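Counting in my numbering, the final residue of the sequence shown is number 271, and the numbers go up one at a time with none missing.
Ideal placement from N, C-alpha and C gives every residue a C-beta, glycine not left out.
Since we're looking at a predicted model, the values are computed, not measured.
Here's the structure we're looking at; comments come further down.
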Amino acid sequence: MLIDTHVHIGTILDFEMREEDVIYSMNRYGVDFSLVSGVNAAEFDHNGQRIPDALQTPQNQVFESTLRFARRYPDRIGVTPWMKLYAETPDDGFIRLLEENRELVYGLKLHPFHSRVAPDDPRAEAVYEIARRYHLPVVSHTGGCEEARSVHLYNAALKHPDISFVMVHMDLGSDNSEAIELLGKADNLYGDTTWVPVKSTLKAIERWGSGKLLFGSDNPIDGPDTYLHNKTGDRSLYQEYFNEFRAMISPEDYDNIMYRNAARLFRIDLK
Numbered sequence: 001m002l003i004d005t006h007v008h009i010g011t012i013l014d015f016e017m018r019e020e021d022v023i024y025s026m027n028r029y030g031v032d033f034s035l036v037s038g039v040n041a042a043e044f045d046h047n048g049q050r051i052p053d054a055l056q057t058p059q060n061q062v063f064e065s066t067l068r069f070a071r072r073y074p075d076r077i078g079v080t081p082w083m084k085l086y087a088e089t090p091d092d093g094f095i096r097l098l099e100e101n102r103e104l105v106y107g108l109k110l111h112p113f114h115s116r117v118a119p120d121d122p123r124a125e126a127v128y129e130i131a132r133r134y135h136l137p138v139v140s141h142t143g144g145c146e147e148a149r150s151v152h153l154y155n156a157a158l159k160h161p162d163i164s165f166v167m168v169h170m171d172l173g174s175d176n177s178e179a180i181e182l183l184g185k186a187d188n189l190y191g192d193t194t195w196v197p198v199k200s201t202l203k204a205i206e207r208w209g210s211g212k213l214l215f216g217s218d219n220p221i222d223g224p225d226t227y228l229h230n231k232t233g234d235r236s237l238y239q240e241y242f243n244e245f246r247a248m249i250s251p252e253d254y255d256n257i258m259y260r261n262a263a264r265l266f267r268i269d270l271k
């Protein structure tokens, strides 16, 4: 069993992640279930510049397109709608989509790097109200700018102890040490493995145990074979997770990280 908690579809900036690539990769590399958000909800580019309105897609439209994908594969695809915190607030239309498709929605997605709004900013409170009301975890990109530092998600977790939070990337581009330290300071705070070196994941297991970590990948950011190689053809980090990592830890720890923790946290029915 393998659950990938961090998968995307959509096209914006230099991202082009196709639905067919997600399904292809799941079939080829043995992924049983993926949690998906739509990248075309990004509000800022990689340099922190606002994406022109003409190139943006409204939040509810992105939500609808992700739901359509999940409806085609309800036993394999779940939705974590990307929340556009800078310019939009979840409205009645968003709530209606959520309630009408509740069985397809497994969490809520923040991206402070592409929204330039920190998780402990008051603008995120509307998201947490929804998360609490519908018992949804909140997953958030961490790393790359001040707003996306893991400490801001930690602050949100402390303020909202009844909501589960996941630090996606555990501070992308860093040595992950700050995020790993924060993992043990809030019972409702977790980390995922997206672009996290195996050696950092091993440190987190040694420090806090395997119950704090979830497998995630950003698939298919490097194309349909993201799980196999990167865009330059070099072996993917995820091949190490699929292969060598298994021998580095106990079978129970491996299963916790690769699917059991995700199934418990997101209430995914293991069939």
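Tell me the DSSP secondary structure of residue i in three-state form.
i	result
Ser150	helix
Leu182	helix
Gly93	helix
Met258	helix
Val166	strand
Arg116	coil
Tyr190	strand
Asn47	coil
Asn155	helix
Could you check where the beta strand (DSSP E) with residue i kicks off and where it finishes?
i	result
Asp4	Ile3 to Ile12
Ser140	Val138 to His141
Going by the DSSP bridge assignment, what does residue i pair with across the sheet?
i	result
Leu35	Gly78
Glu16	Thr11
Arg235	His229
Residue i: which of the options sits nearest, CA to CA?
i	options	result
Leu11	Ser34, Gly48, Thr66 and Ile3	Correcting the residue type first, residue 11 is Thr in the shown sequence and not Leu. For Thr11, the nearest C-alpha among the options comes from Thr66.
Ser34	Tyr86, Trp82, Pro52 and Tyr106	Tyr106
Leu172	Thr194, Val166, Glu19 and Ala157	Thr194
Arg28	Tyr254, Gln239, Ile249 and Gly48	Gln239
Ser250	Ala262, Ile205, Leu265 and Lys271	Ile205
Leu13	Asn243, Val31 and Asn40	Asn40
Val62	Val117, Asn219 and Leu108	Leu108
Asp4	Asp253, Asp218 and Thr232	Asp218
Phe15	Phe266, Gly223, Lys212 and Glu125	Gly223
His46	Ala126, Arg96 and Phe113	Phe113
The alpha helix (DSSP H) that contains residue i, what's its start and end?
i	result
Val105	Neither: Val105 is in no alpha helix (DSSP H) and is coded neither H nor E.
Met248	Glu244 to Met248
Thr66	Gln59 to Arg72
With 8 Å as the threshold, decide whether the Cβ of residue i is near any Cβ in chain C.
i	result
Asp14	Among the protein chains of the structure shown there is no chain C, as only one such chain exists.
I want to check one thing, is the minimum distance from the CB of residue i to the heavy atoms of the ligand MN below 7 Å?
i	result
Asp121	As far as ligands go, the structure on display features none, and thus does not contain the ligand MN.
Exercise. Okay, do the region 72 to 85 and the region 148 to 158 touch, 3+ Cβ pairs below 8 Å being the bar?
Worked result: no
For this session: Report yes or no: do the region 164 to 171 and the region 181 to 199 share at least 3 C-beta pairs separated by less than 8 Å?
Result: yes
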